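Undergrad:
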Amino acid sequence: MSRRETADARGGEGSRGPDAVDVPESVFLCIQCRKCTAGCPVAESTDVPVNELVAHVRLGHIDAAVRSRMIWDCLGCHACSTRCPTGAEPAEVLDWLRARATELDLAPSSRAGTFHSAFIKTLRKKGRSDEARLMVRIYLKHWLTWKELRRGMAMRGKGRVRALGRSIRARRDLQRIFDLAQGSLDR
Amino acid sequence: MKYAYYPGCSVETSARMYEASLRRVLGRLGVELEEIEDWNCCGASSAHSLDPAVATGLAARNLGLAEKTGLDVVTPCASCFFRLRAAEHAMREAAMREQVNGALPVPYEGRVRIHNIVEVTLRALEAAREPPPVRRRLSGFRPVCYYGCLFVRAAGDLGYDDPENPTAMERILRFAGVESVDWGGKVDCCGAASAVTAPDTAVRLQTRLLDDARARGATAIVTACPMCQVNLDMGQQGALRPLPVFFLTQVLGLAWGFGEGEMEVERLLAPPDVVAAVLG
Ligand code: SF4
Ligand code: SF4
Chain A
4 MSRRETADAR GGEGSRGPDA VDVPESVFLC IQCRKCTAGC PVAESTDVPV NELVAHVRLG
64 HIDAAVRSRM IWDCLGCHAC STRCPTGAEP AEVLDWLRAR ATELDLAPSS RAGTFHSAFI
124 KTLRKKGRSD EARLMVRIYL KHWLTWKELR RGMAMRGKGR VRALGRSIRA RRDLQRIFDL
184 AQGSLDR
Chain B
52 MKYAYYPGCS VETSARMYEA SLRRVLGRLG VELEEIEDWN CCGASSAHSL DPAVATGLAA
112 RNLGLAEKTG LDVVTPCASC FFRLRAAEHA MREAAMREQV NGALPVPYEG RVRIHNIVEV
172 TLRALEAARE PPPVRRRLSG FRPVCYYGCL FVRAAGDLGY DDPENPTAME RILRFAGVES
232 VDWGGKVDCC GAASAVTAPD TAVRLQTRLL DDARARGATA IVTACPMCQV NLDMGQQGAL
292 RPLPVFFLTQ VLGLAWGFGE GEMEVERLLA PPDVVAAVLG
């Protein structure tokens, strides 16, 4: 995705004020039609709907955007980007915001925050994701409801929870790929 | 037809019966699968939220390995399909390609096409001079076809279907003698990771899907997405009258005469008597 420096809200188009930052260029295509939000499965239960996040980013209000709960409520279903009539790529804007939030150490301590960091940890170590290990990492930090426990046991009873514990052979490859990261992925 | 096969992580564990059934069903269709040597996780559902180059690199390592074999890629997982396609597109940008290829054991040159299993199954059936005969009539089986989000929303032209009102699975099921029920939930989200991260959201989305399916008179759900299957199957665990959630390849296999054991039908969470009743 190409980046462009935002116009700083205080300084007007082109000036680089304290809020100016390179944002995904696609946001400048947004016409605020709200089609993204109309099809977004979490629009009704979140704080800032996706079209407003795109508007925030476009205006350089990154701080407001990275602190929204929505970036962690988003399910990554891509209904928004698929239906956006202008190519503003709202789903990719949310990816970008999650990356910024992680860099700024703003990933929440909620299950959603734990999920992403646990996923990356397992992947980085093994090269495969391992659902059993992922669940354990999440449930070490968050209480399990009775219902979840029962479902987990049911899955286990069907042989569908297996800790494979296996790594890919070329684990060196993973290190080199993770070294491509600009921000820190460890937080 | 032969493909480089990218299984993805979930068919090894929570969606094992998918792997078991798809290997037999594709085999019956003459589609050969060569598993990508030492493949790695494509990064779904987190890497792309952390760093674009890492996300592209993780997926592209597999593409480089596949390219070496000269085969196109097929994957049964919707999330993997989406991520592999996203990487394939990102790698068309010179700057990204250069950066990522520098870190890959086998650089990706951009010559691999990525397909999903729905597409490959449909194309094989349509091209077959004699599609496999239906050996078992699933007479009472009235499923809705559930596509979920990511099979239909991957980058690039889908080619075989309409992303907003897909019909490939309905067309495929006709080759099994099964008429599906039309409904409004085909491409709605099952809740994805919210089943773990925000259970209320998952319940809300799944209830909407299940209510619509029931209201149309469906007795089961057929899907090709491992995450959708796991979410809807687990979400209904303990329900009195669940709608059993089958993988597309399980239904094809049953109709073409494979046994329920071979299709690992017993791994569904729905009670065996409910499963038996809907299969008719
Ligand atoms: S991101 Fe696209 S769909 Fe959403 S408001 Fe902007 S133009 Fe409309
Ligand atoms: S990807 Fe996220 S923001 Fe876009 S429609 Fe899905 S849940 Fe909403």
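Protein sequences, first through last, are from chains A and B.
For the first sequence, the residue numbers in the working numbering are 4 to 190.
For the second sequence, the residue numbers in the working numbering are 52 to 331.
For every residue, glycine included, the Cβ atom is placed at its ideal position computed from N, Cα and C.
These numbers come from a predicted model, not from an experiment.
1) Ordered along the chain, which non-local residues of its own chain (more than five positions away) have a Cβ less than 6 Å from that of Leu80 (chain B)?
2) Can you grab the Cα-Cα spacing for the pair Gly78 (chain B) / Leu299 (chain B), in whole Å?
3) For Pro58 (chain B), go through chain A and note every residue whose CB falls closer than 8 Å to its CB, in chain order.
4) Examine ligand 2 and report whether any of its heavy atoms sits within less than 8 Å of the Cβ of Ala58 (chain A).
5) Take every Cβ of the stretch 111-120 of chain A, pair it with every Cβ of the stretch 158-176 of chain A, and state whether three or more of those distances are shorter than 8 Å.
6) For the stretch 78-97 of chain A and the stretch 49-67 of chain A, state whether three or more C-beta atom pairs, one from each stretch, are separated by less than 8 Å.
7) Ala243 (chain B) to Trp234 (chain B), Cα distance in whole Å?
8) Residues of chain A with CB closer than 7 Å to the CB of Ser97 (chain B), please, in chain order.
9) Between the C-alpha atoms of Leu205 (chain B) and His166 (chain B), what's the straight-line distance to the nearest angstrom?
10) Using a cut-off of 9 Å between C-beta atoms, extract the partners of Arg140 (chain A) located in chain B.
11) Since I believe Val195 (chain B) is in contact with Val232 (chain B) (beta carbons under 8 Å), could you give me their beta-carbon distance rounded to a whole number of angstroms?
12) Which residues of chain B have a Cβ atom closer than 7 Å to the Cβ of Val45 (chain A), listed in chain order?
13) Can you tell me whether Lys129 (chain A) is buried or exposed? The criterion is at least 16 other CB atoms within 10 Å of its CB, across all chains shown.
14) Below 7 Å between beta carbons is the criterion; list the residues of the stretch 281-306 of chain B that meet it against any residue of chain A, in chain order.
15) Pull up the distance between the alpha-carbon of Cys240 (chain B) and that of Trp307 (chain B), whole angstroms please.
16) What is the chain-ordered set of residues for which the beta carbon lies under 7 Å from any non-hydrogen atom of ligand 1?
17) If Ala71 (chain B) and Arg134 (chain B) are in contact, beta carbons under 8 Å, what's the gap, nearest whole angstrom?
18) With a CB to CB cut of under 8 Å and the five nearest residues on each side skipped, what residues in its chain are close to Gly210 (chain B)?
19) Count the other C-beta atoms from every protein chain shown that fall within 10 angstroms of the C-beta of Pro156 (chain B), then say buried if there are 16 or more, exposed otherwise.
20) What number of angstroms, rounded off, separates the C-alpha of Glu16 (chain A) from the C-alpha of Val57 (chain A)?
21) At 4 residues or longer, what runs of the alpha helix (DSSP H) sit wholly inside the stretch 29-107 of chain A?
22) My guess is that Thr258 (chain B) and Phe192 (chain B) are in contact by the Cβ rule of under 8 Å, so how many angstroms apart are they, rounded?
23) Indicate whether at least one CB of chain A lies closer than 9 Å to the CB of Phe133 (chain B).
24) Please classify Thr274 (chain B) as buried or exposed, where buried requires at least 16 neighbouring CB atoms within 10 angstroms.
25) Note down, in chain order, every chain B residue with its Cβ under 8 Å from the Cβ of Glu134 (chain A).
26) Flag Glu73 (chain B) as yes if its beta-carbon sits less than 9 Å from any beta-carbon of chain A, otherwise no.
27) Taking the alpha helix (DSSP H) that Ala146 (chain B) belongs to, which residues open and close that run?
28) Quick one: is Arg172 (chain A) near chain B, going by C-beta distance under 9 Å?
29) Would you please verify whether the beta carbon of Glu55 (chain A) is less than 9 Å from any beta carbon of chain B?
30) Do the CB positions of Leu330 (chain B) and Val296 (chain B) come within less than 9 Å of each other?
31) Let me make sure I understand the geometry here. Which of B:Met52, B:Ile87, B:Gly121, B:Leu291 has the alpha-carbon closest to that of Ala178 (chain B)?
32) Using the beta-carbon of each residue, which ones in chain A are nearer than 8 Å to Thr126 (chain B)?
33) Quick one, which residues of the stretch 187-214 of chain B are near chain A if we go by CB-CB under 9 Å, in chain order?
34) Do Ser245 (chain B) and Leu78 (chain A) count as a contact pair if the criterion is CB distance below 9 Å?
35) First and last residue of the beta strand (DSSP E) that includes Ile223 (chain B)?
36) Could you list which residues in chain A have their beta carbon closer than 8 Å to that of Cys240 (chain B), in chain order?
TA: From the atom records:
1) Here residue 80 (chain B) refers to the residue found at position 29 of the second sequence. Correct list, in chain order: Ala175.
2) Translated into the one-based positions of the second sequence, residue 78 (chain B) becomes position 27. Translated into the one-based positions of the second sequence, residue 299 (chain B) becomes position 248. If you take the alpha carbons of Gly78 (chain B) and Leu299 (chain B), they lie about 15 Å apart.
3) To locate residue 58 (chain B), count along the second sequence from 1; it is residue 7. Neighbours of Pro58 (chain B) on chain A: none; closest Cβ ~10 Å, over 8 Å.
4) For this step, residue 58 (chain A) is matched to residue 55 along the first sequence. False, no ligand heavy atom lies under 8 Å from that Cβ.
5) no
6) yes
7) Sequence index remark: in the second sequence, residue 243 (chain B) carries index 192 (1-based). Sequence index remark: in the second sequence, residue 234 (chain B) carries index 183 (1-based). Approximately 20 Å, taken between the alpha carbons.
8) Locating residue 97 (chain B) in the second sequence gives position 46, counting from the first residue. The contacting residues are His119, Phe122, Ile123.
9) Locating residue 205 (chain B) in the second sequence gives position 154, counting from the first residue. Locating residue 166 (chain B) in the second sequence gives position 115, counting from the first residue. According to the sequence provided, residue 205 (chain B) is Ala. The question's Leu does not apply to it. Between Ala205 (chain B) and His166 (chain B), the C-alpha separation is close to 10 Å.
10) Counting from one through the first sequence, the residue named residue 140 (chain A) turns up at place 137. Per Cβ cutoff of 9 Å: no residues; Arg140 (chain A) is ~11 Å from chain B at best.
11) The sequence position of residue 232 (chain B) within the second sequence is 181, counting from 1. The sequence position of residue 195 (chain B) within the second sequence is 144, counting from 1. About 5 Å; that satisfies the 8 Å criterion.
12) Here residue 45 (chain A) corresponds to residue number 42 of the first sequence, with the count starting at 1. In chain order: Thr252.
13) Locating residue 129 (chain A) in the first sequence gives position 126, counting from the first residue. Burial call: buried.
14) Met285, Gln288, Gly289
15) Counted from its first residue, the second sequence places residue 240 (chain B) at position 189. Counted from its first residue, the second sequence places residue 307 (chain B) at position 256. So the two alpha carbons sit approximately 30 Å from each other.
16) A:Leu32, A:Cys33, A:Ile34, A:Gln35, A:Cys36, A:Arg37, A:Lys38, A:Cys39, A:Thr40, A:Val53, A:Asn54, A:Val57, A:Cys83, A:Arg86, A:Cys87, A:Pro88, A:Thr89, A:Ala91, A:Pro93
17) As a first step, residue 71 (chain B) must be located in the second sequence, where it is residue number 20. As a first step, residue 134 (chain B) must be located in the second sequence, where it is residue number 83. With a Cβ gap of about 24 Å, Ala71 (chain B) and Arg134 (chain B) do not count as contacting.
18) The residue you call residue 210 (chain B) lines up with position 159 of the second sequence. So the list reads Glu170, once near-sequence residues are dropped.
19) On the second sequence, position 105 is the one that residue 156 (chain B) refers to. When all chains shown are included, Pro156 (chain B) counts as exposed.
20) Stepping through the first sequence from its first residue, residue 16 (chain A) is reached at position 13. Stepping through the first sequence from its first residue, residue 57 (chain A) is reached at position 54. Low confidence applies to Glu16 (chain A): its pLDDT is 46, below 50, so where it sits in the model is not reliable, and the reading given next is rough at best. The straight-line gap from Cα to Cα measures roughly 17 Å.
21) 38-41, 53-61, 65-69, 73-76, 82-86, 93-106
22) Sequence index remark: in the second sequence, residue 258 (chain B) carries index 207 (1-based). Sequence index remark: in the second sequence, residue 192 (chain B) carries index 141 (1-based). Contact flag wrong, Cβ pair sits at about 23 Å.
23) One-based indexing of the second sequence puts residue 133 (chain B) at position 82. Answer yes: the Cβ-Cβ gap between Phe133 (chain B) and chain A drops below 9 Å somewhere.
24) Residue 274 (chain B) sits at position 223 when you count from the first residue of the second sequence. That one is buried.
25) Position 131 of the first sequence, counted from the start, is the residue given in the question as residue 134 (chain A). Correct list: Cys60, Ser61, Thr64, Ser65.
26) Position 22 of the second sequence, counted from the first residue, corresponds to residue 73 (chain B). The residue you asked about is not Glu; residue 73 (chain B) is Leu in the sequence shown. Cβ-Cβ to chain A under 9 Å: no for Leu73 (chain B).
27) Against the second sequence, residue 146 (chain B) aligns to sequence position 95. Run containing Ala146 (chain B): 145-152, per the alpha helix (DSSP H) assignment.
28) The sequence position of residue 172 (chain A) within the first sequence is 169, counting from 1. By this cut-off, Arg172 (chain A) is an interface position.
29) Against the first sequence, residue 55 (chain A) aligns to sequence position 52. So no, Glu55 (chain A) is outside the interface.
30) Mapped onto the second sequence, residue 330 (chain B) falls at position 279. Mapped onto the second sequence, residue 296 (chain B) falls at position 245. Cβ distance not < 9 Å, so Leu330 (chain B) and Val296 (chain B) don't count as in contact.
31) Locating residue 178 (chain B) in the second sequence gives position 127, where the first residue counts as 1. Here the closest residue by C-alpha is B:Met52.
32) As a first step, residue 126 (chain B) must be located in the second sequence, where it is residue number 75. Correct list: empty, because the minimum Cβ distance to chain A is about 14 Å.
33) Gly199, Cys200, Leu201, Val203, Arg204, Ala205, Pro214
34) Start at 1 with the first residue of the first sequence, and residue 78 (chain A) comes out as number 75. Start at 1 with the first residue of the second sequence, and residue 245 (chain B) comes out as number 194. In contact: Leu78 (chain A) and Ser245 (chain B) (Cβ atoms closer than 9 Å).
35) If you number the second sequence from 1, residue 223 (chain B) lands on position 172. No beta strand (DSSP E) holds Ile223 (chain B); the alpha helix (DSSP H) holding it covers 219-225.
36) Working through the second sequence from its first residue, we reach residue 240 (chain B) at position 189. Near Cys240 (chain B) (Cβ distances below 8 Å), the residues of chain A are Pro44, Leu78, Cys80, Ala82.
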